[in-house]
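Number of protein chains: 4
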Amino acid sequence: MKIRFVCSCLVTLFALFVTSGRAQETPTEREAAREMLKKMAELEKSLDAPALVARLTAANPAREQVVARAKELMDKELLALSDDITRHPEIGFVEHRSIKLLMDYLKQHDFEVKAGVGGLETAFVARYKRNNGAPNLGVILEYDALRGTTRAFHGDQHSAQGPVGIAAAVAIAEYLTRTNSPGSVVVFGCPGEEMMPPNAKTVMFEAGVFNGMDVIVRSHSSGATSRPAPGFGTCCMNIDGVKYIFSGAPAHQLQAWNGRNALEAVIHLFVNIDSVRSNIRPEARIQGVITEGGAAPNVVPDRAVADFYIRYPDEVYLRQVRKFVDDAARAAALATQTKVKIEHYGTARDGISVSTLAEVGFAYMKMYGATKIVAEPGRPQGFEETGSVSSAIPGLGFSAHSSNAANHTYEMEADALGEVGHHGFLVDAQAMTALLFDVATHPDYRAAIKREFDTIKTLFGEYQEALKRAYTVPKVSEP
Amino acid sequence: MKIRFVCSCLVTLFALFVTSGRAQETPTEREAAREMLKKMAELEKSLDAPALVARLTAANPAREQVVARAKELMDKELLALSDDITRHPEIGFVEHRSIKLLMDYLKQHDFEVKAGVGGLETAFVARYKRNNGAPNLGVILEYDALRGTTRAFHGDQHSAQGPVGIAAAVAIAEYLTRTNSPGSVVVFGCPGEEMMPPNAKTVMFEAGVFNGMDVIVRSHSSGATSRPAPGFGTCCMNIDGVKYIFSGAPAHQLQAWNGRNALEAVIHLFVNIDSVRSNIRPEARIQGVITEGGAAPNVVPDRAVADFYIRYPDEVYLRQVRKFVDDAARAAALATQTKVKIEHYGTARDGISVSTLAEVGFAYMKMYGATKIVAEPGRPQGFEETGSVSSAIPGLGFSAHSSNAANHTYEMEADALGEVGHHGFLVDAQAMTALLFDVATHPDYRAAIKREFDTIKTLFGEYQEALKRAYTVPKVSEP
Amino acid sequence: MKIRFVCSCLVTLFALFVTSGRAQETPTEREAAREMLKKMAELEKSLDAPALVARLTAANPAREQVVARAKELMDKELLALSDDITRHPEIGFVEHRSIKLLMDYLKQHDFEVKAGVGGLETAFVARYKRNNGAPNLGVILEYDALRGTTRAFHGDQHSAQGPVGIAAAVAIAEYLTRTNSPGSVVVFGCPGEEMMPPNAKTVMFEAGVFNGMDVIVRSHSSGATSRPAPGFGTCCMNIDGVKYIFSGAPAHQLQAWNGRNALEAVIHLFVNIDSVRSNIRPEARIQGVITEGGAAPNVVPDRAVADFYIRYPDEVYLRQVRKFVDDAARAAALATQTKVKIEHYGTARDGISVSTLAEVGFAYMKMYGATKIVAEPGRPQGFEETGSVSSAIPGLGFSAHSSNAANHTYEMEADALGEVGHHGFLVDAQAMTALLFDVATHPDYRAAIKREFDTIKTLFGEYQEALKRAYTVPKVSEP
Amino acid sequence: MKIRFVCSCLVTLFALFVTSGRAQETPTEREAAREMLKKMAELEKSLDAPALVARLTAANPAREQVVARAKELMDKELLALSDDITRHPEIGFVEHRSIKLLMDYLKQHDFEVKAGVGGLETAFVARYKRNNGAPNLGVILEYDALRGTTRAFHGDQHSAQGPVGIAAAVAIAEYLTRTNSPGSVVVFGCPGEEMMPPNAKTVMFEAGVFNGMDVIVRSHSSGATSRPAPGFGTCCMNIDGVKYIFSGAPAHQLQAWNGRNALEAVIHLFVNIDSVRSNIRPEARIQGVITEGGAAPNVVPDRAVADFYIRYPDEVYLRQVRKFVDDAARAAALATQTKVKIEHYGTARDGISVSTLAEVGFAYMKMYGATKIVAEPGRPQGFEETGSVSSAIPGLGFSAHSSNAANHTYEMEADALGEVGHHGFLVDAQAMTALLFDVATHPDYRAAIKREFDTIKTLFGEYQEALKRAYTVPKVSEP
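Residue numbers (our numbering), protein chains in the order written: chain A, 57 to 535; chain B, 57 to 535; chain C, 57 to 535; chain D, 57 to 535.
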């Protein structure tokens, strides 16, 4: 990851190559999770994912026909569409050209499209017109580019997500209609993943946009072909993105006592945080920048702003960490007689991953020619980065090897137009189609996914309760 | 003043040689006081102190007889008593030997003595047994020594205040009885002037100990013979003495997140204060020390204490300054999740000085041989340092030249035993006696004192109201 | 002064209405200046400015003819030119349109013009082609607009300075030629007064641009008609403008130990300064803003920048204050293992004012109808704000009442186009012409100006030596 | 461990119950140690400690006779001596009574005793008078009590170390003489383990006091019977104990600019450290207290002192951490224009433990009835806490279960006088005697110990070199 481009994205899903399969990073977490991990091991044993994989991925001409249709769409039109979007990058929340292309294509393939969902101009939902009850299959698309120092660019290959997801959605929708099978296909256009606030998928989730989905799939560029272990977790800690906005009173430097200094307040926000770092568990990561630090040296600054990412491996202790930071801001305002507004603008939380989806999807990626295979499962984590969707609805993120460069680089953008990218996108589209085919056609498979997901969700809840008991707050005596 | 001995005294009355006669130190104060100072000038003109001085200090055999009695007591016994106390220094609130000597002497001279007044073990009140109604003449005594690095010592000559005041009190009491004149004499033994908390005279004042006095006198060592101008003010700013006591939670250094660090809190009290220094008027003086800063480096400190003197030329803006410091402490506790107790332990406020007493007393000091005369009146200030007594009851502090050394030095202690000290004490005792004689015997003089004092007190109130209007608090807009 | 527009100007000459005539603001300064002020009083007595004024301003048809020519130029063309520039504001260092108009006008009136002097694109020097030796009369012009929140604007009326100065310059130059008198006229176009760095006039001064001038004049907008007292001083303290640029090492937030945080360094620059505020004399004013405070919260900031104005009433103690601030920056870099670059970008120092120019100029302003007259002279200060020119060459800044609004407001801009502005500019142009006429035609007047200036300059040097002796640095013992 | 008593001990050996057997605590350390740990595993395999234990601890009447003699001494006199010392606690460096008792006993048993070694009054060396060349067997004794809030107390049972070690030393010395075997016995009296500075054993080590020893043994109170794994490490991180002493210049609060504030400096030492906590690896532990924080609030503090423990799991990165803290102090002095003295007063470093001693000693403890056996070896660590002795000379610390209370409690002191303590001390004395017997009588055993120790020492060196390569310092670019 070239940090110069990481300007505002709260989380960079898939970006940090994670070798450890453990979601619990601290002794306290491991202790709290002990019982749940035991039960999860029993669950996984009873689900027997290897046997499931063997059964589902066995030769199946019907499946292969649907997959071939997805490949045909990619080859004929959608890889070209991916290249087009790659060459016309638009940053988050203004992806007007990109969504027009995607929505037009979906309309041409009998989807009914509604833009502006969740109050976001460039978010959309596309429902296949001949949808026919459950199971409900969801496909998430993204399309925003990164902000570079000189131009927007598709250094994270979001440009391909639309075409990949649409290929699978159209192919499986056509299949359901053709075979008169029950089932519905819904495509979710999700803007501005790199641009929050707002956190688009969470906004959409809270607006009920994803309601009713049985399974959701998504693709994303990757430097290797991998899949997560089952469980709950996140790539890079639970995160709160928060802005602290201070206001004071202006005055000329020569009569500064007629003013109240908002810059001193923001400085003391940092100093206050530093003062308690040694009293916060060492796995926390709190870092901020000053985005507004006063206008002119001869005027007492009456406005100053800081922007922070506050991270902890679990969300339970994260709340304690967050309280420290919010208190630091309140204390800074109190000491400087300024006022502070605390603006929570972004959240990343643990998501849930299930082996019933991950192992089957991984097997298909290999079957359709994925390269650079990582043999061991990665750590558990949701299929999208907010945790809001992926802790509520089972799903899988496909990440076939599509670039030899790091995420968020111009090189990864170039790869989106080349052999390695096109090959990876084709793999993603085919594997995604195959998986959706299995979900659509095997009620017992859907039941297994649901059982795994629901059990892990329950265990996740128990884990959080255990953490709440583990993380006591020290008792301070009266002075 | 040799600072090494200034360990705990909140104010060092008479200690800083003040050349300016203005009580208002800042442009804002001078602007606020403009009208009151005009009215005060008119008052003083109408009182015509020079004429009053001429009239009262004219030859008067009756007065001289009383003054001679005071001198006799000094020469025969009380200078020796002063030397005795000088040679047996006792620090504040444990002046048991000293007050026994003083109280015994008073009892022997027909005073009824009550120790432990105001809840202070070494405070006492001595009332002449043949007291006969108004006017009520009060005499304040002090007797505590300073804490030196190696021993207690009378570097501020409080050892002589008892003998001086007693000489005057006994002489005038005997006179009233002998002449069957109306009037009462009360001696107030005030401990621990250098040792607060508590601020003994304020405690006694609030307990009503000084109630009913018409005039109060007191003496104090001095490097020169001077008197204050009439008005309201203080030698060295209005002062709040405050302790900030923080408590946290202990923990081993290796698991510091199980603790809350009270030392970090006290550190951030200082840092918070520093952060607003440029937004406080530059005449403020805020300084503190850390008296408890943690016990062992491998344990999170769960208790820490700081001690501050907070000063401003007037008490109105001082309240704003004080709020900044208290807020700094509250903010430090908030940011570190510790608790703070704010312990206000000492106060010095503007007192009132009147020319009707100051000019007459000054004339008598000169008449009885005072040396090192400062021709111009000093700045207005109360006759005792708390301002509580001296802003409520008219009075005068006598300060004949009694040492060639600075206050709070071993040299000043030595002078208390030598020629320069003995001479000064004699002058003080005689001038004090003469002044009390005039107050006791001239109803019109008492009326003039009262008129001056009451008028200045009213103007002082108006000044404070004007300051309240001048010192607005900057308006901070919502962020 | 509406502070919202005071974005970058280091000093705002004439902007603060100064009532006190004393240049020495602190007791230490007044003590150090005691002897020099005595000698200055003797000097002024011997110069007898009132007599000089009476003699020079007596009726003089030759002078009136020259003054009438200046008025004619104003009425016919130059007030319109002033309006034109007012309506086309250009901010500092890009005043291309403005200087083209001014230079063209000067060329049309026989001035030889050279742009780009001192390495500054929009600085120029215009010399009258028929210049004829000494005396050398200089005229300073400015023309930059202020940066408003929505547009550039002439809220300080610099737009009129060019026309006013040109009217006087042309009128007097024509007179010298016509009468075949000795003397030269040089016009100095000085850009970006509100925009430093760089400080244009100091750059030009150090490049020798002003060399050889006997007297320099200049005009400036004003809310009242005033003149300075003779002496040395400045309107708003001696000032250093300094940028502190820190560099660290970037790293992802998750492995912050691989980075070094430049934002923490800049924060601790502020915190370090605050830590010594109580050990710096209270007349100092140190204030800064953070102009770069990090890019993204998930990356350790590797660059951060602060911008400070550091002020003290005299430049001798200012050096001690400056050392505190520079040390604060070095200490911040040391503690954070970052690097710092200290960039001194602006300077304002005491200038010299002389009664021989100020009183005559003031008399002419009144003679030509100036309104809102301030009877008492203001505090001594240079005729331009850097102190570099005005402490080396005698001169006068004309400031007839030209607006009823505060400096740096849209209202003052509007006044430049209205009655009050036009009237004030006419007064300035006429008074400036009359003063230059007197300088050009009275050798004894020039001698008096030179004697006054040289003597004050010598006394200024003696004052600074006295200050150096007064400001000792406390001795710190070895720990 | 009840932290209220942990007043000054730098390390509390044996005090934290350590469950993990890994000496490398961080991923970086584990990566750096990878190769060395492999070689160490091979070494241990080749040494085959279990076989060695079986061979040595087999029935042996000669050994049992010597062990019985040690038990006899304990039963007859030395347990009583232990009780006596327990009942007369003396804190570090004033253990005059205690060492007199111990030295007298040794003299009575033919030891030649020299007190005051290494410049420490209460340190001593006792050499058996009939010592006879190699092997050289050393026994370390300690005897200092803890400082409680109301009295000194033997809450760490150092009172028993002298009697235990003397029992073994006398028994084995008598045996060597009786059997005319080669070998020498030396007892080292080491004061003030809980009281540093100075760190007595390191001072003695650097003075060459321990030179020539082949093996050193020591006992210590324990809540369980355990032994370390072989390797290099420490119980509680490598530690630097450092004092930072600041001096400034005093001044009265009213003219604070005449002073330089040493308390502000010490405050900013803390603040500076806090500012880089996020740029230091999270396993570091830096904590301090303010032991001198100014004398009086009305005087600028001219002296202030802080005391820090600085810890990191390895000493290589500890040097980087230490540099941060030292720089924080230097920066604080620079910013406040004060001076700082950095006083390094204590050190704890990794020591070496060998299985050839640990496993044999552990087997003997069990054989002689030790209770509360911890089956798994603890993490590798030296037999004494400084690391200076234990990384240079092979040895073993005996820690049979001797109390049911935590270290540093009054309860552990009580246990020293009771059944559990006496039993544990007897076990320690017998096991120590048996081990020394084996070392004295089996040359091949000594060779194995030496081979193990020397190899681990070499690997320790390689590990440190690997760490040096791993811990790069971030490169900071020029601003």
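C-beta: ideal position from N, C-alpha, C; glycine also.
In this text the structure is predicted, and so the values were computed from the model without any measurement.
At a CB-CB cut-off below 8 Å, which residues of chain A make contact with residue i?
i	result
ARG341/C	GLN309, LEU310 and ALA312
ALA385/C	Neighbours of ALA385/C on chain A: none; closest Cβ ~14 Å, over 8 Å.
Strictly by DSSP, which residues pair up with residue i?
i	result
ILE147/D	ALA201/D
LEU325/B	Paired residue(s): none; LEU325/B is not in a bridge.
PRO253/D	Answer by DSSP bridge pairing: none, since PRO253/D is not bridged.
Could you work out which residues of chain D lie near residue i, taking near to mean beta carbons separated by less than 7 Å?
i	result
SER533/A	Those within 7 Å of SER533/A in chain D number zero; the least Cβ separation is about 13 Å.
THR347/B	GLY349
Give every residue of the same chain whose Cβ lies closer than 6 Å to the Cβ of residue i, excluding the five residues on either side of it in the sequence, and list them in chain order.
i	result
PHE364/B	VAL298 and GLY344
CYS65/C	With a pLDDT of 41 at CYS65/C, under the threshold of 50, the modelled position of that residue is not reliable, and no figure is offered here.
PRO238/C	ASN188 and GLY189
Beta carbon of residue i, beta carbon of residue j: below 8 Å?
i	j	result
ASP319/C	GLY287/C	For clarity, residue 319/C is Leu in the given sequence; the question names Asp instead. No, Cβ-Cβ distance for LEU319/C and GLY287/C is not below 8 Å.
ILE147/B	ALA208/B	yes
ARG329/D	VAL381/D	Looking at the sequence provided, one finds Ile at residue 329/D rather than Arg. A contact, by the Cβ cut-off of 8 Å.
ALA504/B	LEU112/B	no
MET293/A	TYR401/A	no
THR412/B	ALA105/B	yes
ILE228/D	PHE439/D	no
For the beta strand (DSSP E) that contains residue i, what are its first and last residues?
i	result
LYS395/A	395-404
ASP363/D	359-368
LYS95/D	That residue, LYS95/D, is in no beta strand (DSSP E); its alpha helix (DSSP H) goes 83-103.
Using a C-beta to C-beta distance shorter than 9 Å, which residues of chain B count as neighbours of residue i?
i	result
VAL327/C	VAL327, ASP330 and SER331
Between which two residues does the alpha helix (DSSP H) holding residue i run?
i	result
TYR501/D	499-526
THR258/B	256-262
For residue i, I'd like the list of residues in its chain whose CB is within less than 7 Å of its CB, leaving aside the five on either flank, ordered along the chain.
i	result
ALA466/A	According to the sequence as given, residue 466/A is Tyr; it is not Ala. Once the five neighbours on either side are set aside, the close Cβ partners of TYR466/A are PHE209 and GLY211.
VAL74/A	Residue confidence is low: VAL74/A scores 38 on pLDDT, short of 50, so the model does not pin down where it sits. Its coordinate-derived value is still stated next. Only CYS291, GLY434 and ARG435 meet the Cβ criterion.
GLY517/B	none
ALA385/B	TYR300, LEU325, VAL396 and ILE398
Residue i versus chain C: which residues are under 9 Å apart at the beta carbon?
i	result
PRO530/B	The premise fails here: PRO530/B is roughly 13 Å from chain C at the closest Cβ pair, so nothing lies under 9 Å.
Who are the Cβ neighbours of residue i in its own chain at under 8 Å, not counting the five residues just before and after it?
i	result
PHE70/D	With a pLDDT of 39 at PHE70/D, under the threshold of 50, the modelled position of that residue is not reliable, and the figure given next carries that caveat. The answer, listed in chain order, is HIS276, SER277, SER278, CYS291, GLY453, SER455 and ASN463.
Identify the contact partners of residue i in chain A, using a Cβ-Cβ distance below 7 Å as the criterion.
i	result
SER154/D	Here the premise fails: no neighbours, minimum Cβ distance about 37 Å.
Residues of chain D with a CB under 8 Å from the CB of residue i: which are they?
i	result
PRO338/A	PRO338 and GLU339
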